[in-house]
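So the sequence shown is residues -19 to -1, 1 to 675, counted in mature numbering (1 follows the signal peptide of the UniProt record, and there is no 0). Think of the CB as a built atom: it goes at the ideal place given N, C-alpha and C, for glycine as much as any other residue. The structure appears below as structure tokens.
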Amino acid sequence: MKKLFLNHFLLFFAGFAFAQEKPVTDFKHLQAEISIMPVKGEVSGDLTYTFDVLQPTDSVFVDAQKMEFQKVLLNGKEVPFKNDGKRLWITRQMERSEDNVLEITYSANPTQSMYFIENKPEGEEQEYQVWTQGQGKYTSNWLPSFDDVNEKVEFDLSFIYKKGKTLTANGVLQSSEAVNDSLTRWHFDMEQPMSSYLLAVAAGNYEVEERESDSGVPLKLFYPEGEEQYVEPTYRHTEMMMDFFEKEIGVKYPWQNYKQIPVQDFLYSGMENTGTTIFSDLFLVDSIGFHDRNYVMVNAHELAHQWFGDMVTAVSGEHHWLQEGFATYYALLAEREIFGEDYYYWKLFQSAEELKQMSDSGKGEALLNPKAGSLTFYQKGAWALHILKELVGREAFDAGVKNYLEKHAYQNVTTQDFLAEVEQASGMDLGNFRKNWLEQSAFQGSEALESLKRSEFIRNYLEIAALKQLPLESKKELLEKALDFPVNDYIGQEVVHQLALEEISEVLDLYKKSFATNNLYVRQAIALSLNEIPQELKSSYESLLTDDSYLTREAALFNLWMNFPEDRAVYLSKMQGQEGFSDKNLRTLWLALSIATPDFHTSQKEEYLKELRSYTAPYYRFQLRKNAFGYLFQLNAFSSENIRDLMEASGHHAYRFRDFAKNLLQQVYQTSDLLPEDRTLLEKELGINAEVEN
């Protein structure tokens, strides 16, 4: 009897606990008008939320970080509210009801999630880019919204911003009109609900190229004014990707249109905001830059997220792989269509090597661990899907994915939601798969290797890689054969990496054959690994200066300058005027080397130093600033203004650049010749930082 009573109690308690987890409210729609004032770093707006009360409650809330509220009305009446700096609480007894209306007038000065990037030199009219990043930074910093990804809302937003600028946001632009002589209002409409972290707005000096997919999806490709030369290389294969995903996934693109906007000083490579991907302008490339730093992978990844993450969103961090693993895997499938089968297996091989190393060192992570890192969520997630497709077969895998998306469209999902559909489509029990690939922290290296060996290319690569430990006389013939036309990109690079371990005099003939392959990446491997250039290879090495690769040219210029001092002026003259990537990798190196070469352009050295110093200013993209800071440090040529720029950079919103600046500040203080006032300024700055850290 006691046992029976206990069972009934546990059942009752479990039911009660489940009931407590049910949502109290359902926010369905937001109509908002938002004003953005970049000079003040301020945003303000009038919001109208429509929501249902699902069960009786004495309060409702909206997430709102460090905001001020001028008006709060519930169903047309003023109500008591509390602003605790993180949430706006409306305290009022409410019964089950539908279509309640919450009106809010607010203002905020966000320090994250919305960023105001000044990108014009001093003395010119102030120009700004404004852009947002919700994931990990919380949209509730600039818009009263919901940090909980399970609260999906249909957002119809209007924005007021400076006249003459381009502004875009989620949804379809319905109209735009002048507010007055200096401001414009843009109206955007959405048709489906989404999580708040996927909200986005971007504004600045942009032009737009409009395209369309085969199925009629409007594509809007943004680019900075006057930089048309970057459009084709940057957005290459975009239409093909949309067409491929609709066919491969079996579900139509789930939003009204698709827009892509490059922005300065973005926090990451890209972000899959609903229908509105924002990405780093570092990926704006010309046809040469495409070979080394193209946008294809990021483009495909963020587009795949429109289905996996935006349309179906994981309920919690435990299931985050349903977003990143899927986006990584489907992006890889698209890249296979573009770059070929060898590329696909090479990327899998590279990630398997990283995952196995992490696993073997005791740092492996389960895919269902909500605190796992990016390597796990992205690459192990992609591997799990690759293995699952091999396990159940393509037909069952594709059917499972399609059913999963259609059944849970515009909802939140769990791993079991996905596995259930694949089990039903395949008729297989996936318990072992879940245990080995989702719950195990160890990477299944043996199973991954067997899968990789299905590729003839991988088998051939592993045979060449296995030669690394052998003496040269035992493998020279095989290495030479591997360089026969047409040389494989990856196998050819492996050969060059092995040559770098040998006495140069013993492998001159193999280096000459490597140069003669005319393979861009084999030649790049030489540029990046052969630092001491023998006279016999000088002419061949000099030819790298004209390869269609800015990375190759950069490495070649530096190594030739180091190895042949007598020809420095020749190399610098040859490379004069070349910019390289958008971070001016070639230009900044050229300036540094020109300054450091005593008898080269002596009358222009001050001009070159002035230019190099100018690139540390806050209005330049941080990648360029980083290059300039690095070269100025090596030249011991920091000006007072450069030191102030570095201090400003130590508080930058992009954490990698911020950390770089903080570390360099310490090095500049310890090793550089400084004016007394600059040393005092640095001591004060570093002392303040030390107090904060303590």
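| Check | Outcome |
| --- | --- |
| Contact check, Phe8 vs Phe127, beta carbons under 9 angstroms | yes |
| C-alpha gap between Tyr324 and Glu316, whole angstroms | 8 angstroms |
| Asn500 versus Asn469: straight-line alpha-carbon distance, rounded | 9 angstroms |
| Own chain, CB closer than 7 angstroms to Gln1, minus 5 neighbours either side, in chain order | Per-residue confidence for Gln1 stands at a pLDDT of 39, beneath the threshold of 50, marking its modelled position as unreliable; the derived number appears in the next sentence. Result list for Gln1: empty, nothing under 7 angstroms. |
| Selected residue, minimal CA-CA separation from Asp564, among Tyr531, Ser575, Arg549, Tyr589 | Tyr531 |
| Pro579 - containing alpha helix (DSSP H), residue span | That residue, Pro579, is in no alpha helix (DSSP H); it is neither H nor E in DSSP. |
| Short Cβ contact (9 angstroms threshold) for Asn280 with Pro214 | no |
| Ala45 versus Ala184, Gln237, Phe62, Tyr187, residue with shortest Cα-Cα distance | Phe62 |
| Cα-Cα separation between Lys337 and Glu428, rounded to whole angstroms | 12 angstroms |
| DSSP-derived helix/strand/coil call for Gly558 | coil |
| Thr72 in three-state terms, based on DSSP | strand |
| Segments of 4+ residues assigned as alpha helix (DSSP H) that fall wholly inside the stretch 160 to 224 | 212 to 215 |
| Candidates His367, Thr165, Met175, Val153: closest to Leu200 by CA position | Val153 |
| Assumed close pair Ala618, Leu590 - CB separation to whole angstroms, cut-off 8 angstroms | 6 angstroms |
| Candidates Trp542, Glu547, Phe562, Arg602, of which the one nearest Ala573 by Cα | Trp542 |
| C-alpha gap between Ile514 and Asp654, whole angstroms | 34 angstroms |
| Ser176 to Gly115 span [Cα, whole Å] | 10 angstroms |
| Inter-stretch contact at 8 angstroms, needing at least 3 Cβ pairs: the stretch 135 to 155 / the stretch 75 to 92 | no |
| Cα-Cα separation, His633 to Lys643 | 10 angstroms |
| CA-to-CA distance, Tyr471 to Phe438, given in whole angstroms | 9 angstroms |
| Simplified DSSP assignment, three categories, for Asn64 | strand |
| Cβ distance (whole Å) where Glu487 is taken to contact Leu453 below 8 angstroms | 6 angstroms |
| The stretch 244 to 259 in contact with the stretch 401 to 415 per 3-pair CB rule at 8 angstroms | no |
| Cutoff 7 angstroms; reference Ser268; Cβ partners in own chain excluding five residues on either side | Pro214 |
| Pairwise C-alpha distance: Glu108 and Ile101 | With the sequence shown as reference, residue 101 is identified as Lys, and Ile is not the correct amino acid for it. Taking the straight line joining both Cα atoms gives about 6 angstroms. |
| Beta-carbon proximity of Leu124 to Ala13, cut-off 9 angstroms | yes |
| Candidates Tyr234, Ala635, Lys143: closest to Gln604 by CA position | Ala635 |
| Touch test, the stretch 347 to 359 against the stretch 374 to 386, Cβ-Cβ under 8 angstroms, three pairs minimum | no |
| Cβ-based burial, Thr294 [other Cβ within 10 Å; buried from 16] | buried |
| Spatial neighbours of Ala285 in its chain, beta-carbon cut-off 6 angstroms, leaving aside the 5 residues before and after | Ala308, Tyr311, Ala312 |
| DSSP-derived helix/strand/coil call for Leu124 | coil |
| Nearest candidate by alpha-carbon position, reference Ala401, set Gln479, Glu305, Val373 | Val373 |
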